[in-house]
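Residue numbers (the numbering used here): 1 to 135.
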């Protein structure tokens, strides 16, 4: 039983990371980095992030929100437990990653507010996973 819950949390976090990776990859295709800017050139990358349009930042927040919802859903389905502990743990991990990411990059206040709220979407994901018929 405990092993199933561990795999549930790992599964939820893996799904969340995959979603965030894919959404941010699409974001970078829409808003590519200028020539000479790489992740290794920290100051140039910070400037690039700071100058991104609002739409690009909204896409990132959408990714976090969808990742949290999905993590809550997947972890609850794998755990086969009516208690929300696995979903909550996934949300806590996502919250930690979001805080770390936002402290390292120039992030506007509205993005902090939305980003800190996004992990709480594990709860609707958890609730949906409990229903008998999900689409």
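All C-beta atoms, glycine included, are put in the ideal place defined by N, C-alpha and C.
Closest by C-alpha distance to residue i, when choosing among the options
{"i": "residue 41", "options": "123, 105, 109, 24", "result": "105"}
{"i": "residue 10", "options": "112, 77, 109", "result": "77"}
{"i": "residue 125", "options": "7, 17, 103, 65", "result": "65"}
{"i": "residue 115", "options": "85, 127, 68", "result": "68"}
{"i": "residue 17", "options": "72, 29, 103", "result": "72"}
{"i": "residue 91", "options": "121, 8, 19, 79", "result": "121"}
{"i": "residue 84", "options": "97, 130, 103", "result": "130"}
Terminal residues of the alpha helix (DSSP H) in which residue i lies
{"i": "residue 46", "result": "42 to 50"}
{"i": "residue 91", "result": "85 to 104"}
{"i": "residue 27", "result": "2 to 30"}
{"i": "residue 109", "result": "109 to 117"}
Rounded separation between residue i and residue j - CA only
{"i": "residue 123", "j": "residue 117", "result": "12 Å"}
{"i": "residue 101", "j": "residue 2", "result": "31 Å"}
{"i": "residue 54", "j": "residue 48", "result": "13 Å"}
{"i": "residue 89", "j": "residue 12", "result": "9 Å"}
{"i": "residue 119", "j": "residue 36", "result": "34 Å"}
{"i": "residue 44", "j": "residue 107", "result": "15 Å"}
{"i": "residue 132", "j": "residue 33", "result": "44 Å"}
{"i": "residue 63", "j": "residue 4", "result": "27 Å"}
Test item: CB-CB of residue i and residue j under 9 Å
{"i": "residue 31", "j": "residue 52", "result": "yes"}
{"i": "residue 93", "j": "residue 15", "result": "no"}
{"i": "residue 70", "j": "residue 19", "result": "yes"}
Measuring CB atoms only, is the stretch 16 to 34 touching the stretch 54 to 73, in the sense that at least three cross pairs come out at less than 8 Å?
Look at the beta carbons and you see the stretch 16 to 34 touching the stretch 54 to 73: at least three pairs across the two are nearer than 8 Å.
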